[in-house]
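All remarks here apply to the structure that follows.
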Amino acid sequence: MGKIQCAAELDGAFYRCSGSTLEQVVALTDLQGVQRVVSDFQGAISRTVTVEAPYKYAEVMVRKQLQEAGEFDEPVTLVSHWKKKRGVNATDIFYTALPTRVFYRTLDEAKNHEDCILLFPLYAVLLGVLKRARPAGPSAVVFQHGRAADILLGDRKRIYYANRRVAFDESPEQIASLWQMVSSEITAAEEEHRISIEAIIMLTWIDSRVETALPPEMESKVRFLDEESLSAEGKEHKVSFLKALASAPAWMAISRPPEKIAYYCKRFLPVMEIAVVIIALCLFGGHFRYGMKNRSIEQDIRTKKNTIAALIGEQYPEAVPYEETFQFVKNLSQYRDMPGFKSIVNDIAESLLAGEVVQVMKVDYDKGKLNLEILGKVNVPFEKAFKGYQRFCRTMVKKGYGLKNRSFNTSISESQFIVTLERRAE
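For the record, in the sequence shown the residue sitting at position 384 is 415 according to the working numbering, with numbers rising by one throughout.
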């Protein structure tokens, strides 16, 4: 698959990594052969905040708060890096906010680029570093570049703090002051959230100055990611930020799903080509092997057929017709399972109440079923006669008869009923 080619837009400058050389370009459209791009989106802000809103409306509330505070004078887009419910109507959220105009312009440039590009916000890369570190306790990721320092504090389950501190210029005095602000921010976050930072992970860039001393209690916790030697403007630099970008999970990118799919298709195309060749060779080998085996089996079959033909003189018994016999036996079996006349009379007698008399009973044995029609009368008052009629129907159904049709008529002196039942062979 080869090395992942990366580019970074930091502090208003675009750099493309080509082998072990960093080349400065004007804009994203000038990049060639690049697969991943990270940007700090000048004018963007990244923070953690707790909002009084349900989980699914947290982004809406944050946008509203940002616009009401006057931090953006145009429509704003929110990129949510991490979100967690806190109670019923409160949500913790870690986000990057930037002007909607900048967001969609950058997405369109990446979409229209001739290469397949994944676009990452800066703090998505820092979050990826924190996730891969899998710290046992709260840790900090610090990335100092130019006159800015980006800070992210969190652990496996929660993001506590995120912010950027900026110095007035890049003079040694101002950079020393910047590192003092970084240590103060970490200490303040520890006190606010009642945590203790166990590790400070440093990322480096071509203009990082991490030699500036932190307080002694923090220096012992500092550790650096693996660095690579890169040449920029004729000077050698130890840089770890692009390695962090190359290993960032793709789901953290803000590129649209089609760009992500295209990226992975192009990225793994050589592996897929090799896999297709291997599968084709396996199929060819299997076809050749089993073809030989089939020919051997066919030869054995022909030999055995010839032997059988010689033994029986090629006289094969004729097929015996069995359908009619089978149907006759089947009908006998069904008729045997049908209730007899005596059983039917007993079922009816057990279902009748006092005052109910059967006048006509028709029994018809059909194919696989029994049809029964009963005409009767009841010489009791209507209310009692109707209840007796209903009980008769229910009892017959419980005895296994299906109710096809029924009617109940009444007059002054008596009531009549007709019930049609059906019972199929089991």
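Every residue, glycine too, gets a C-beta built ideally from N, C-alpha and C.
- W113 is bridged by DSSP to F125.
- Taking C-alpha positions only, E414 is separated from Y366 by approximately 39 Å.
- With respect to the 8 Å criterion, I217 and A164 are not classified as neighbours on the basis of their beta carbons.
- For C296, the three-state secondary structure derived from DSSP is helix.
- For P152, the secondary structure class from DSSP, reduced to helix, strand or coil, is strand.
- With a 10 Å radius around the Cβ and a threshold of 16 neighbouring Cβ atoms, W236 comes out buried.
- Of the candidates Q390, A380, S327, the residue whose Cα lies closest to the Cα of R422 is A380.
- Sequence-distant Cβ neighbours of D181 in its own chain, meaning closer than 6 Å and more than five residues away, are F174, R195.
- When secondary structure is reduced to three states using DSSP, C48 falls in the strand class.
- Restricting attention to alpha helix (DSSP H) runs no shorter than 4 residues, the region 248-319 encloses them at 272-277, 288-298, ordered along the chain.
- In terms of CA proximity to E259, L273 leads the group P247, M249, L273.
- With contact defined as three or more Cβ pairs closer than 8 Å, the region 254-270 and the region 116-129 are not in contact.
- Per the coordinates, the alpha-carbon of A89 lies some 15 Å from the alpha-carbon of S77.
- Note on geometry: alpha-carbon atoms of P203 and L109 lie some 35 Å from one another.
- Between the region 130-138 and the region 60-75 there are three or more inter-stretch CB-CB distances shorter than 8 Å, so the stretches are counted as touching.
- The region 324-398 contains, as complete beta strand (DSSP E) runs of 3+ residues, the segments 387-397 (chain order).
- Its Cα nearest to that of L149, the residue I35 stands out among L41, I35, M233, L161.
- Considering only E453, H318, V91, Q358, the residue with the shortest C-alpha distance to P370 is E453.
- Measuring C-alpha to C-alpha distances from K435 to each of I405, S444, S446, V411 identifies I405 as the nearest.
- The region 438-447 makes no contact with the region 395-403; the number of CB pairs closer than 8 Å stays below 3.
- About 15 Å separates the CB atoms of F372 and V391; that is not less than 8 Å, and the two are not in contact.
- An exposed status is given to C296, since fewer than 16 other beta-carbon atoms sit within 10 Å of its beta-carbon.
- The alpha-carbon separation between I328 and A311 amounts to approximately 25 Å.
- Annotation: the continuous alpha helix (DSSP H) that includes H224 extends over 203-224.
- Using a C-beta cut-off of 8 Å, the region 211-231 makes contact with the region 183-201, since at least three inter-stretch Cβ pairs fall below that distance.
- As the crow flies, the alpha-carbon of L161 is around 10 Å from that of I231.
- Membership of G419 in the alpha helix (DSSP H) is indicated by the continuous run 413-429.
- Taken through DSSP and simplified to helix, strand or coil, A230 comes out as strand.
- DSSP places R187 in the coil class of the three-state scheme, outside both helix and strand.
- A84 sits close to T122, with the two beta carbons spaced by under 8 Å.
- In this structure L276 is not in contact with R47, their Cβ atoms being roughly 12 Å apart against a cut-off of 8 Å.
- When the five nearest sequence neighbours on each side are left out, the beta carbons in the same chain lying within less than 6 Å of the beta carbon of E40 are those of S70, in order along the chain.
- The Cβ atoms of L403 and I375 lie closer than 8 Å to each other.
- For F134, the uninterrupted alpha helix (DSSP H) run begins and ends at 131-143, by DSSP.
- For E83, there is no enclosing beta strand (DSSP E), as DSSP marks it with neither H nor E.
- Nearest Cα to G50 within the set L261, V119, R178: L261.
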